[in-house]
Amino acid sequence: MKRFVYFFILILGLGFVNHVQAIDPRLSEKEGKGSISSDVQPKLGSQRLKKTGASKPSQTALTKRHRRYIAHSNGIVLDAKNGIEWLPGPDKDTDWNDAVAWVQNLNFAGGGWRMPTMGELSGLYQKGVGKFNMTPLLKTNGWFVWSNQTYGSDGARGLDFVHYSPYRGSHCYSPNCRVFAIRFRKDDRHLGEPVRVEKEGRGFQSDNAQFSRKHGNQMQQRAQTGPLKEETVRLNLARVSEALPLAGGTPPESSLANSLNMEFVYIPPGSFMMGSPSDEMDRNVDERQHQVTLTKGFYIQKAEVTQGQWERVMGSNPAIFSSCGQDCPIEYVSWHDCQQFIKKLNQAEGTIKYRLPTEAEWEYACRAETSGTFAGELNDFGWYASNSDVKTCPVGGKQPNTWGLYDMHGNVWEWCQDFYGEYPSDPVKNPVGPSSAPTRVYRGGSFSNEGSSCRSANRKMSDPNKRYINLGFRLAFSSGQ
Numbered sequence: 011m012k013r014f015v016y017f018f019i020l021i022l023g024l025g026f027v028n029h030v031q032a033i034d035p036r037l038s039e040k041e042g043k044g045s046i047s048s049d050v051q052p053k054l055g056s057q058r059l060k061k062t063g064a065s066k067p068s069q070t071a072l073t074k075r076h077r078r079y080i081a082h083s084n085g086i087v088l089d090a091k092n093g094i095e096w097l098p099g100p101d102k103d104t105d106w107n108d109a110v111a112w113v114q115n116l117n118f119a120g121g122g123w124r125m126p127t128m129g130e131l132s133g134l135y136q137k138g139v140g141k142f143n144m145t146p147l148l149k150t151n152g153w154f155v156w157s158n159q160t161y162g163s164d165g166a167r168g169l170d171f172v173h174y175s176p177y178r179g180s181h182c183y184s185p186n187c188r189v190f191a192i193r194f195r196k197d198d199r200h201l202g203e204p205v206r207v208e209k210e211g212r213g214f215q216s217d218n219a220q221f222s223r224k225h226g227n228q229m230q231q232r233a234q235t236g237p238l239k240e241e242t243v244r245l246n247l248a249r250v251s252e253a254l255p256l257a258g259g260t261p262p263e264s265s266l267a268n269s270l271n272m273e274f275v276y277i278p279p280g281s282f283m284m285g286s287p288s289d290e291m292d293r294n295v296d297e298r299q300h301q302v303t304l305t306k307g308f309y310i311q312k313a314e315v316t317q318g319q320w321e322r323v324m325g326s327n328p329a330i331f332s333s334c335g336q337d338c339p340i341e342y343v344s345w346h347d348c349q350q351f352i353k354k355l356n357q358a359e360g361t362i363k364y365r366l367p368t369e370a371e372w373e374y375a376c377r378a379e380t381s382g383t384f385a386g387e388l389n390d391f392g393w394y395a396s397n398s399d400v401k402t403c404p405v406g407g408k409q410p411n412t413w414g415l416y417d418m419h420g421n422v423w424e425w426c427q428d429f430y431g432e433y434p435s436d437p438v439k440n441p442v443g444p445s446s447a448p449t450r451v452y453r454g455g456s457f458s459n460e461g462s463s464c465r466s467a468n469r470k471m472s473d474p475n476k477r478y479i480n481l482g483f484r485l486a487f488s489s490g491q
């Protein structure tokens with residue numbers, strides 16, 4: 011009888027443990043030992059992959075956890091440290107064209123997937139380990155992984171994790187050639203962060219990874235998915251809100267140009283709702299909507315400062331995409347670099363005092379009497395990840411907004427004058443941001459970001475000493491000078 015009672019108690023205990031683990035599989039993780047909380051293997055297939063693009067990992071059950079990586083039942087593996095989601099491709103040999111087609115197919119479901127950069131791949135590499143062996147959840151099973159970048163004159167398109175060097179060739183000669191897709195979590199605060207390239211041999215890196223020192227100077231951006239399909243465009247535009255004209259005001263007509271052929275458009279004084287409404291898709295918590303009144307008109311540059319304009323003032327061209335040409339936007343310049351450019355330009359021009367636009371001026375000019383998510387259909391107005399070939403484009407290549415301004419959405423992010431700070435709740439006049447803060451504001455989205463990063467209300471901030479491959483600026487000056 012006693013044996014029966016003991017056996018019955020044991021069965022009840024095991025049932026309770028299984029019940030607890032079913033509620034939260036993470037409770038079975040042994041902290042610090044890299045244990046995996048479940049033996050359920052995520053399964054991938056062509057039909058599963060098509061559905062995965064539109065899924066929301068935050069709403070799916072965890073199936074495994076290993077160190078900082080969390081695998082979901084839909085096959086997506088989240089890097090909890092930086093908010094990047096990884097999706098392993100077919101577990102078979104995959105040449106370049108098949109890899110491109112696979113990623114493109116994911117995005118027919120509107121998933122925002124792309125191939126990883128070399129820097130993002132290198133962030134998975136463990137020094138001294140040799141093989142691509144940081145977590146079993148990604149099931150790399152091999153040596154070569156495709157990237158959306160090319161390296162060197164022979165156009166290497168991936169990373170060799172055995173020798174930690176670029177993988178050369180467009181065909182898979184190894185039984186272990188793989189493709190991964192990545193994206194940032196939709197609810198991650200760092201969605202749309204710029205990509206940073208450290209020059210002078212210091213490596214290629216984003217927020218989450220750094221490529222080796224010897225490869226940093228030779229990185230070249232590459233198209234990730236080939237020609238854009240019409241269906242993809244329609245899906246990417248699904249989030250675009252209808253642009254609604256604000257009451258009152260007329261589009262400005264006055265414009266002028268300086269000795270560098272920089273054209274400036276006059277923006278009249280007026281009021282607008284700065285920030286985003288609570289129901290705007292992809293809005294961030296720092297976009298509290300509030301009324302702003304600008305009591306004085308100002309001039310703002312019709313397009314972003316170009317490489318040619320920068321070089322004429324500064325005598326050099328720091329742009330990573332210098333091969334794009336003199337009419338492409340300058341990038342890889344810090345906020346302080348912009349101030350040096352402005353100082354020299356002001357000395358040369360003598361009469362007009364150029365400056366960066368305030369954050370309020372920038373958004374007012376971007377909206378151009380609209381109140382929607384964008385100033386119009388994004389594909390018509392801006393260069394972003396789905397139509398830019400993942401590189402900068404000559405300024406003025408898309409349609410201008412109602413006030414005649416180009417590239418307010420996309421191409422490169424744009425520095426503003428303000429320190430970054432919290433928005434007020436009450437109406438304000440002529441705001442200039444906080445008096446001091448560790449970071450400065452930049453706005454507008456870029457060629458390398460999803461459409462949501464190009465929203466009129468979207469805000470980002472950075473150390474003013476930092477330089478990024480997709481961050482530039484445009485000038486402004488006060489009227490009445």
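Be aware that the sequence shown starts at 11, since it is given in our numbering, and climbs by one per residue. In this text, a Cβ means the ideal position worked out from N, Cα and C, and glycines have one as well. Please read these numbers as outputs of a predicted model, since none were measured by experiment.
(Q) Looking at T305: is its Cβ nearer than 8 Å to the Cβ of K439? (A) The residue given as residue 305 occupies position 295 in the sequence shown. The residue given as residue 439 occupies position 429 in the sequence shown. Taking 8 Å as the Cβ cut-off, T305 and K439 qualify as a contacting pair.
Q | Separation of I94 from R78, as counted between CA atoms | A | Within the sequence shown, residue 78 is the residue found at index 68, counting from 1. Within the sequence shown, residue 94 is the residue found at index 84, counting from 1. About 11 Å.
Q: Kindly indicate which three-state DSSP category G461 falls into: helix, strand or coil?
A: The residue labelled residue 461 in the question sits at position 451 within the sequence shown. In this structure, G461 counts as helix in the three-state DSSP scheme.
**Q.** Chain-order list of residues whose beta-carbon lies under 7 Å from that of D337 (same chain, five-residue window excluded)
**A.** For the purposes of this step, residue 337 is taken as the residue at position 327 of the sequence shown. Same-chain partners within the cutoff: T316, G318, P404 and V405.
Q: Report buried or exposed for Q357, applying the criterion of at least 16 other Cβ atoms within 10 angstroms of its Cβ.
A: If you number the sequence shown from 1, residue 357 lands on position 347. Residue burial is scored here from C-beta neighbours: Q357 has fewer than 16 other C-beta atoms within 10 angstroms and is therefore classed as exposed.
Q | Cα-Cα separation between D296 and C376, rounded to whole angstroms | A | Locating residue 296 in the sequence shown gives position 286, where the first residue counts as 1. Locating residue 376 in the sequence shown gives position 366, where the first residue counts as 1. Roughly 18 Å between the two C-alpha positions.
Q | 8 Å Cβ cutoff met for V87 and L131 | A | Taking the first residue of the sequence shown as position 1, residue 87 is located at position 77. Taking the first residue of the sequence shown as position 1, residue 131 is located at position 121. Between V87 and L131, the gap from beta carbon to beta carbon reaches 8 Å or more.
(Q) If contacts are defined as beta-carbon pairs under 8 Å, then T104 and V189 qualify, I think. What distance do you get, rounded to the angstrom? (A) Taking the first residue of the sequence shown as 1, we reach residue 104 at position 94. Taking the first residue of the sequence shown as 1, we reach residue 189 at position 179. A Cβ-Cβ distance of about 5 Å is found for the pair T104 and V189, placing them in contact under the 8 Å criterion.
Q. According to DSSP, is N397 helix, strand or coil?
A. Here the question's residue 397 lines up with position 387 in the sequence shown. Three-state DSSP puts N397 in coil, outside helix and strand.
Q: Taking C426 as part of the beta strand (DSSP E), name the residues at either end of that continuous run.
A: The residue you call residue 426 lines up with position 416 of the sequence shown. C426 -> beta strand (DSSP E) spans W423 to F429.
Q: Give the straight-line distance between the Cα atoms of C334 and V323, rounded to the nearest whole angstrom.
A: Taking the sequence shown and counting its residues from 1, one reaches residue 334 at position 324. Taking the sequence shown and counting its residues from 1, one reaches residue 323 at position 313. About 19 Å.
Q.
Which of the three DSSP states is assigned to S265 in this structure?
A. Against the sequence shown, residue 265 aligns to sequence position 255. S265: strand per DSSP, three-state reduction.
Q | Neighbourhood of A90 by C-beta distance below 8 Å, restricted to the same chain and skipping five residues each side | A | Position 80 of the sequence shown, counted from the first residue, corresponds to residue 90. Cβ within range, chain order: R78, Y79 and I80.
(Q) With DSSP as the reference, identify every bridge partner of Y79, one or two as the case may be. (A) As a first step, residue 79 is located in the sequence shown; it is residue number 69 there, counting from the start. Y79 pairs with H76 and D89.
**Q.** Status (buried if at least 16 other CB within 10 Å, exposed otherwise) for G360
**A.** The residue labelled residue 360 in the question sits at position 350 within the sequence shown. When all chains shown are included, G360 counts as exposed.
Q | Inter-stretch contact at 8 Å, needing at least 3 Cβ pairs: the region 388-399 / the region 416-435 | A | The region 388-399 makes contact with the region 416-435, as at least three CB pairs between them are under 8 Å.
Q.
For a quick check, are the C-beta atoms of M471 and Y433 less than 8 Å apart?
A. The sequence position of residue 471 within the sequence shown is 461, counting from 1. The sequence position of residue 433 within the sequence shown is 423, counting from 1. At least 8 Å separates the beta-carbon of M471 from that of Y433.
Q | S332 versus E321 - alpha carbon distance | A | Here residue 332 refers to the residue found at position 322 when the sequence shown is read from its first residue. Here residue 321 refers to the residue found at position 311 when the sequence shown is read from its first residue. If I take the Cα positions, the gap works out to 11 Å.
Q) Taking the Cβ atom as the reference point for each residue, do V442 and T368 lie within a distance shorter than 8 Å? A) Here residue 442 corresponds to residue number 432 of the sequence shown, with the count starting at 1. Here residue 368 corresponds to residue number 358 of the sequence shown, with the count starting at 1. Yes.
Q | Boundaries of the beta strand (DSSP E) in which V302 is found, first to last residue | A | Here residue 302 refers to the residue found at position 292 of the sequence shown. According to the DSSP assignment, V302 belongs to the beta strand (DSSP E) that extends over H300 to L304.
Q. If you compare alpha carbons, which of R469, N468, S488 and N459 is closest to N480?
A. Walking along the sequence shown from the start, residue 480 turns up at place 470. Ranking R469, N468, S488 and N459 by Cα distance to N480 puts N459 first.
Q | Identity of the residue in S326, W156, R75 and I330 nearest A111 by Cα | A | Start at 1 with the first residue of the sequence shown, and residue 111 comes out as number 101. Of the candidates S326, W156, R75 and I330, W156 places its Cα closest to the Cα of A111.
Q: Determine, using beta-carbon pairs with one atom in the region 448-462 and one in the region 270-289, whether at least three such pairs fall under 8 Å.
A: Segments in contact, no.
Q: Quick one: grab the DSSP three-state call for C187.
A: In the sequence shown, counting from the first residue as 1, residue 187 sits at position 177. Collapsing the DSSP output to three states places C187 in a strand.
Q: Quick one: grab the DSSP three-state call for Y309.
A: Here residue 309 refers to the residue found at position 299 of the sequence shown. Y309: strand per DSSP, three-state reduction.
Q) Which residues in the same chain have their Cβ closer than 8 Å to the Cβ of S281, if we skip the five residues on either side of it in sequence? A) In the sequence shown, counting from the first residue as 1, residue 281 sits at position 271. So the list reads Q301, V302, T303 and L304, once near-sequence residues are dropped.
Q | Residue environment, K102, which counts as buried when at least 16 other CB atoms sit within 10 Å | A | Reading the sequence shown from its first residue, position 92 is the one you call residue 102. Exposed: under 16 other Cβ atoms inside 10 Å.
(Q) On the criterion of 16 or more Cβ atoms from any shown chain inside 10 Å, does N389 qualify as buried, or is it exposed? (A) Walking along the sequence shown from the start, residue 389 turns up at place 379. Within 10 angstroms of the beta-carbon of N389 lie 16 or more other beta-carbons, which makes it buried.
**Q.** Cβ-Cβ separation, C464 to F384 (assumed contact under 8 Å), whole Å
**A.** Locating residue 384 in the sequence shown gives position 374, counting from the first residue. Locating residue 464 in the sequence shown gives position 454, counting from the first residue. F384 to C464, Cβ: 7 Å. Contact.
Q: May I have the straight-line CA-CA distance separating G3 from K312, to the nearest angstrom?
A: Because residue 3 is not part of the residues shown, which for the chain are 11 to 491, the question remains open.
Q) Is any beta-carbon of chain B found at less than 8 Å from that of N411? A) Absent from the structure: chain B. Only one protein chain is present.
Q: Might you give, ordered along the chain, the residues of its own chain that have their beta carbon closer than 6 Å to the beta carbon of I493, omitting 5 neighbours on each side?
A: Absent from the model: residue 493. The displayed extent of the chain is 11 to 491, so no value can be given.
Q) How long is the line joining the alpha carbons of T380 and H76, rounded to whole angstroms? A) As a first step, residue 380 must be located in the sequence shown, where it is residue number 370. As a first step, residue 76 must be located in the sequence shown, where it is residue number 66. Roughly 47 Å between the two C-alpha positions.
Q.
Strictly by DSSP, which residues pair up with K470?
A. Position 460 of the sequence shown, counting from 1, holds the residue named residue 470. As DSSP reads the structure, K470 sits in a beta bridge with Y452.
**Q.** Outcome for S398 when other beta-carbon atoms lying within 10 angstroms are tallied against a minimum of 16
**A.** In the sequence shown, residue 398 corresponds to position 388, counting from 1. Taking a 10 Å sphere around the C-beta of S398, we find 16 or more other C-beta atoms and assign the residue as buried.
(Q) Please report the straight-line C-alpha distance between M488 and R298, rounded to a whole angstrom. (A) Mapped onto the sequence shown, residue 488 falls at position 478. Mapped onto the sequence shown, residue 298 falls at position 288. The displayed chain sequence assigns Ser, not Met, to residue 488. C-alpha of S488 to C-alpha of R298: approximately 27 Å in a straight line.
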